[in-house]
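Take a look at the structure set out below.
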Amino acid sequence: MAGSIEIGSTAPEFVLSGGVLRDGDFTRGTYRLDTERARPLVLAFYPQDNSSVCTKQLCSYSSGLEQFTELGAEVWGISPQDIDSHEEFARRNNLRIPLLSDPDRTVAKLFGVAAPGVGLRRSVFLIAPGGRVAWKHAALVGLTWQPLEKLTTELALL
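Residue 420 in my numbering is what sits at position 103 of the sequence shown, and the numbering runs on without skipping anything.
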């Protein structure tokens with residue numbers, strides 16, 4: 318696993334393909350960290366589309382999306398699955414957040430959350446305007462996730 322990103326450091330730049338479900342349409346596109354420097358960004362790394370825990374986590378973030386947007390933040394989910402898998406996952410669960418594909422775990426390695434055997438560790442990074450890592454959590458065991466309330470509390474402190 319690459320070195321872990323420290324709080325206060327600048328988040329590494331990346332570009333990933335992904336898509337977002339809006340009004341029944343799944344729109345594919347390119348997501349660049351450098352285009353999000355003006356507002357807070359939540360990066361939620363998750364191991365697997367359609368797994369029980371990942372589904373619960375991303376459904377909670379999607380159903381609480383307005384709480385993030387009220388704080389000016391966008392939420393991106395990142396996992397190793399391809400965009401077709403992300404589209405099926407989003408449609409099945411009505412997920413309203415962009416789901417990004419990191420098949421080689423390149424971005425997971427940049428953030429220090431790639432893990433042999435499981436792909437990546439369930440992790441969340443809050444990126445402040447300007448690109449600084451303001452808060453992070455990487456689970457030792459991926460059976461739990463950071464709840465919406467914790468993330469919005471940390472975002473409100475930015």
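Ideal Cβ positions, reconstructed from N, Cα and C, are used throughout, including at glycine.
Look at residue i and residue j and say whether their C-beta atoms are less than 9 Å apart.
i	j	result
Ile395	Leu417	yes
Arg449	Thr372	no
Trp462	Ile324	no
Pro364	Pro397	yes
Between residue i and residue j, which are expected to be in contact by the criterion C-beta below 8 Å, what is the C-beta distance as a whole number of angstroms?
i	j	result
Leu360	Glu330	At roughly 13 Å, the Cβ-Cβ gap does not stay under 8 Å, so Leu360 and Glu330 are not in contact.
Leu412	Leu338	6 Å
Gly429	Ile322	6 Å
When DSSP builds the beta bridges, which residues end up paired with residue i?
i	result
Arg439	Answer is none; Arg439 lacks a bridge partner.
Trp393	Leu360
Tyr348	Leu333
Ignore the nearest five residues each way along the sequence and tell me which others in residue i's own chain have a CB closer than 7 Å to its CB.
i	result
Gly389	Arg356, Pro357
Tyr378	Ala361, Val392, Ile414, Leu465
Measuring from the CB of residue i, is there a heavy atom of the ligand MG at a distance below 8 Å?
i	result
Leu375	The ligand MG is not part of this structure, which contains no ligands at all.
By a C-beta neighbour count over all protein chains shown, 10 Å radius and 16 as the cutoff for buried, is residue i buried or exposed?
i	result
Asp366	buried
Glu466	exposed
Leu474	exposed
Leaving out the 5 sequence neighbours to the left and right, which residues in its chain are closer than 8 Å to residue i when beta-carbon positions are compared?
i	result
Glu471	Leu443, Ala451, Trp452
Tyr348	Val332, Leu333, Ser334, Gly335, Trp393, Pro415, Leu417
Gln384	Leu465, Thr469
Gln374	Ala361, Tyr363, Arg439, Trp462
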